[in-house]
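Heads up: the structure comes next, in structure tokens.
Written out as structure tokens, the structure reads:
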């Protein structure tokens, strides 16, 4: 079995969304693979990123998350992120990218939110 | 093959028979055909002889009497075939009496290669010996060739794996010895074209008296030397001239020594005798890669071809190394040209910067810093364009120049960030960058911070207390608004530290931890800015694969 620094698992959610599950390291070397994976998802469906397994993310990784948020639906709609580790939340806050995303504990919660795909204002409680 | 019948030459033959007459007769027939004969009278003596003989003196064939005083010939044969050292030694049985066909088949079943029964016809013995030697030698040659092709593959991989010229010449010289060279010297021009790198490899080479000290005696030792580039011209003169491809030449000892002496090259890397010189050149105008081996090593056509292929592989690997070195040097030059060559001197503010490019083999980064004297005060900037490509470095250069232009127009930090954002969205869509601006008011008692998603600036007061100035907006390149700059008081003796993320972003380590460690180090850093810069760079930029920039400002 090949060893991947970043694993990307794309699936369709029954509620009508594309769920991309990321695990490992999202950086300069692996970001282009995420870009291609996201480009391959249907544009008409909202996108949910499950990043609970992301151990590392650098500025290229942040740029990819920004790209994903811009691609997912209407401008101003935050990109639902599921299970963002505390460290990554910190980085998202530092770079201001927390404006572009919303945080959720579970995929079902992100998808099932009544106002999906706009689950409310970005979570700013962890701003340092 | 180079000779007409390479497998028909004389051999050393072991004759094992307890009967002195048979030994004498068989031995004299063999000697008459040019073979060397060693004799044994029983199985024990024969096996001891085979155990004691050095590898290069091992008999190539054993003629074994079936009936011996201490054991049967079949048993001797089985023992010979059962030892790795003699497993491929062919055995021809002879038996003194007419025997059953079952004895002959038993002998052959138990490992013998032929079976002769007395009375032995001298012609039949000669023919059998010739035939057995022929196929044994052919098989050995095929096995050796297969081993050497495998060795060539291994060496080729090692060549392509080499990260510098010394590793490359070492791999090539070791490769040549694996292909059968007793002595091998490899000469290449280093990737920066400044000096020749030589590696001399010989199993008998004396321990290196150089700075690395003696090499433990495990396998062939390699001596590394350097020489002026002119040596390659001399070697080219003996071979390819200016042509490309591969070539070889036999140099007399005098020619070889003269070539080395003429180039003031070290003499201790060479075999004393004549050498076979094998060279390769990949493209017109490129320097040769040269391999000198003892002529015996390149005597066979197969050996010659393999050495030639090894030299070619070394030339291609060197070419890859050179392209990489050139690309990296070009990128670094460009990147440096994008950074300020000096900082403005402003009364009341001391500045120090440190910039460390990404490690040698990785690509270039997009970190930048700037300090601009404006009417509203001294403007400090630090930033990072996402990515490690030439494009990232170009965008970095553009951002920095645009920042200078806008700053000279006198815009406030928030407006500057907005303009840079607009510029990026228009000219470099899809690229993002983080930029932090700090405007130090004249007099130095207040600063205005506008941070577009960059690591927060760190402020140290005269009492040694430190804090991150965390107010910020989103990174640039997204066409999103930036918040107004925040204002902070900076009492006399305050010091500011601006860094890029290469300094604190370590895979497997939490950003929080990195920022905390940086803050602690900065709190305890010396007051002298240069000393503080060196200390921070030394403490944090050790394992970094990314480039790193840091900017220190002390407000008197």
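Residue numbers (my numbering), protein chains in the order written: chain A, 875 to 1002; chain B, 81 to 636.
No residue lacks a Cβ here, since even glycine has one placed at the ideal position from N, Cα and C.
Because the structure is a prediction, the values reported are computed rather than measured.
* **residue 954(A), buried or exposed, once every other Cβ within 10 Å from all chains shown has been counted against 16** => Locating residue 954(A) in the first chain gives position 80, counting from the first residue. Counting Cβ neighbours within 10 Å, residue 954(A) comes out buried, since at least 16 surround it.
* Going by CA-CA distance only, name the one from 340(B), 323(B), 313(B) and 319(B) that's closest to residue 330(B). => Here residue 330(B) refers to the residue found at position 250 of the second chain. Cα-wise, what sits closest to residue 330(B) is 319(B).
* **Buried or exposed by the 16-neighbour rule on C-beta atoms within 10 Å, applied to residue 481(B)** => Residue numbering aside, residue 481(B) sits at position 401 when the second chain is read from its first letter. Answer is exposed; the Cβ neighbour count stays below 16.
* Determine the closest residue to residue 572(B) out of 308(B), 244(B) and 430(B), with distance taken between C-alpha atoms. => Within the second chain, numbered from 1, the residue matching residue 572(B) stands at position 492. Per the Cα distances, 430(B).
* Asked: Taking contact to mean at least 3 C-beta pairs separated by less than 8 Å, is the segment 338-345 of chain B in contact with the segment 225-235 of chain B?
  -> no
* Asked: Can you find a CB in chain A that lies within less than 8 Å of the CB of residue 558(B)?
  -> As a first step, residue 558(B) must be located in the second chain, where it is residue number 478. Yes, its Cβ sits closer than 8 Å to a Cβ of chain A.
* Proximity test, Cβ basis, 8 Å: residue 933(A) and chain B -> Locating residue 933(A) in the first chain gives position 59, where the first residue counts as 1. Output row for residue 933(A): interface = yes.
* To do: State buried or exposed for residue 493(B), treating a residue as buried only when at least 16 other CB atoms are found within 10 Å of its CB.
  => As a first step, residue 493(B) must be located in the second chain, where it is residue number 413. Label assigned to residue 493(B): buried.
* Span separating the alpha-carbon of residue 543(B) from that of residue 432(B) -> The count along the second chain starts at 1 and reaches residue 543(B) at position 463. The count along the second chain starts at 1 and reaches residue 432(B) at position 352. So the alpha carbons of these two residues sit roughly 21 Å apart.
* Is DSSP giving residue 453(B) helix, strand or coil here? -> Here residue 453(B) refers to the residue found at position 373 of the second chain. Here residue 453(B) sits in strand by DSSP.
* Asked: Got a sec: is the Cβ-Cβ distance from residue 977(A) to anything in chain B below 8 Å?
  -> Locating residue 977(A) in the first chain gives position 103, counting from the first residue. No - not a single Cβ of chain B is within 8 Å of the one on residue 977(A).
* Could you check the C-alpha separation between residue 332(B) and residue 403(B) for me, to the nearest Å? => Mapped onto the second chain, residue 332(B) falls at position 252. Mapped onto the second chain, residue 403(B) falls at position 323. Between residue 332(B) and residue 403(B), the C-alpha separation is close to 35 Å.
* Asked: Does the distance from the C-beta atom of residue 267(B) to that of residue 281(B) stay below 8 Å?
  -> By 1-based counting over the second chain, the position of residue 267(B) is 187. By 1-based counting over the second chain, the position of residue 281(B) is 201. No. Outside cutoff.
* For residue 592(B), which option in 930(A), 915(A), 891(A) and 935(A) has the closest C-alpha, if you only look at C-alpha atoms? -> Residue numbering aside, residue 592(B) sits at position 512 when the second chain is read from its first letter. Per the Cα distances, 930(A).
* To do: Grab me the residues of residue 978(A)'s own chain with a C-beta within less than 6 Å of its C-beta, minus the 5 sequence neighbours each way, in chain order.
  => Here the question's residue 978(A) lines up with position 104 in the first chain. Closer than 6 Å at Cβ, skipping near neighbours: 954, 956 and 984.
* Asked: Applying a beta-carbon distance threshold of less than 9 Å, which residues of chain B neighbour residue 964(A)?
  -> Locating residue 964(A) in the first chain gives position 90, where the first residue counts as 1. Simply 590, 591, 592 and 595.
* Does residue 466(B) have its Cβ less than 8 Å from a Cβ in chain A? -> If you number the second chain from 1, residue 466(B) lands on position 386. So, interface residue.
* Could you check which residue in 261(B), 472(B), 133(B) and 361(B) has the C-alpha nearest to that of residue 228(B)? => As a position in the second chain, residue 228(B) is number 148, starting the count at 1. Nearest option by C-alpha distance: 261(B).
* residue 163(B) to residue 127(B), Cα distance in whole Å? -> Taking the first residue of the second chain as 1, we reach residue 163(B) at position 83. Taking the first residue of the second chain as 1, we reach residue 127(B) at position 47. Answer to the nearest angstrom: the Cα atoms are 10 Å apart.
* Asked: With C-beta atoms as the reference, is residue 881(A) less than 8 Å away from residue 898(A)?
  -> For this step, residue 881(A) is matched to residue 7 along the first chain. For this step, residue 898(A) is matched to residue 24 along the first chain. Cβ distance < 8 Å, so residue 881(A) and residue 898(A) count as in contact.
* What residues in its chain sit with their C-beta under 6 Å from that of residue 293(B), if we drop five residues either side in the sequence? -> The residue you call residue 293(B) lines up with position 213 of the second chain. Residue placement at residue 293(B) is poorly supported in this model, since its pLDDT is 42, which falls under 50; the coordinates still yield a value, given next. Once the five neighbours on either side are set aside, residue 293(B) has no close Cβ partner at all.
* Anyone know if the C-beta pair for residue 549(B) and residue 568(B) falls short of 8 Å? -> Walking along the second chain from the start, residue 549(B) turns up at place 469. Walking along the second chain from the start, residue 568(B) turns up at place 488. Yes. Within cutoff.
* **Cut-off 7 Å between Cβ atoms - residues of its own chain near residue 159(B), not counting five sequence neighbours on either side** => By one-based count along the second chain, residue 159(B) stands at place 79. Closer than 7 Å at the Cβ level, and outside the excluded window around residue 159(B), lie 127.
* Asked: Is the beta carbon of residue 466(B) sitting closer than 8 Å to the one on residue 511(B)?
  -> Sequence index remark: in the second chain, residue 466(B) carries index 386 (1-based). Sequence index remark: in the second chain, residue 511(B) carries index 431 (1-based). Their beta carbons are under 8 Å apart, which means residue 466(B) touches residue 511(B) by this criterion.
* To do: Can you give me the Cβ contacts of residue 877(A) inside the same chain, cut-off strictly under 7 Å, excluding the 5 residues immediately before and after it?
  => Here residue 877(A) corresponds to residue number 3 of the first chain, with the count starting at 1. Same-chain partners within the cutoff: there are none.
* Based on Cα-Cα distance, which residue from 87(B), 123(B), 134(B) and 142(B) lies nearest to residue 152(B)? -> As a position in the second chain, residue 152(B) is number 72, starting the count at 1. Minimum Cα distance to residue 152(B) is reached at 123(B).
* Is there at least one Cβ from chain B nearer than 8 Å to residue 898(A)'s Cβ? -> Walking along the first chain from the start, residue 898(A) turns up at place 24. With 8 Å as the cut-off, residue 898(A) does not count as an interface residue toward chain B.
* Asked: Cα-Cα, which of 451(B), 426(B), 419(B) and 428(B) is closest to residue 436(B)?
  -> Within the second chain, residue 436(B) is the residue found at index 356, counting from 1. Per the Cα distances, 419(B).
* Asked: Any Cβ of chain A within less than 8 Å of the Cβ of residue 637(B)?
  -> Residue 637(B) lies beyond the range of chain B shown here (81 to 636); nothing can be said about it.
* **Given 8 Å, three or more beta-carbon pairs between the segment 193-206 of chain B and the segment 351-368 of chain B** => no
* Whole-angstrom distance between residue 970(A) and residue 553(B), CA atom to CA atom -> Counting from 1 along the second chain, the entry for residue 553(B) is found at position 473. Counting from 1 along the first chain, the entry for residue 970(A) is found at position 96. Going from the Cα of residue 553(B) to the Cα of residue 970(A) covers about 5 Å.
* Asked: Using the beta-carbon of each residue, which ones in chain B are nearer than 7 Å to residue 937(A)?
  -> As a working note, residue 937(A) is residue 63 in the first chain. The answer, in chain order, is 466 and 512.
* **Of the listed residues 145(B), 192(B), 487(B) and 166(B), nearest to residue 99(B) (C-alpha basis)** => Residue numbering aside, residue 99(B) sits at position 19 when the second chain is read from its first letter. Among 145(B), 192(B), 487(B) and 166(B), the Cα nearest to that of residue 99(B) belongs to 145(B).
* Is the segment 406-420 of chain B in contact with the segment 386-397 of chain B, if contact means three or more CB pairs nearer than 8 Å? -> no
* **Sub-8 Å separation of residue 538(B) and residue 620(B) beta-carbons** => In the second chain, the residue the question calls residue 538(B) occupies position 458. In the second chain, the residue the question calls residue 620(B) occupies position 540. No; because the gap between Cβ atoms is not below 8 Å, this pair is not in contact.
* Is the CB of residue 352(B) under 8 Å away from at least one CB in chain A? -> The sequence position of residue 352(B) within the second chain is 272, counting from 1. Answer no: the Cβ-Cβ gap between residue 352(B) and chain A never drops below 8 Å.
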